[in-house]
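Just below is one structure, and these are the notes that go with it.
Residue numbers (my numbering): 92 to 166.
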């Protein structure tokens, strides 16, 4: 009955980045290094592109609230 947290903008970006294979698995298989590469890419995004991901995160949060109205984050 665990309810996952809604994804934030970076998590959505990271997921899309990996799925689109911007970094080939032949080049990098270490997830720690991959996260650093993706993080640097995220930091370099123009604000307009970042806003797209923030909008997607807002939509994901709205959907999460609709599906799990009683959800409260408890670390």
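Don't be surprised by glycine CBs; every beta carbon is placed ideally from N, CA and C.
In this structure, how does DSSP classify residue i when only helix, strand and coil are distinguished?
i	result
residue 124	helix
residue 149	helix
residue 93	coil
residue 165	coil
Terminal residues of the continuous alpha helix (DSSP H) containing residue i?
i	result
residue 101	100-110
Quick check: the Cα distance between residue i and residue j, rounded to an integer number of angstroms?
i	j	result
residue 101	residue 133	7 angstroms
residue 123	residue 109	13 angstroms
residue 97	residue 105	14 angstroms
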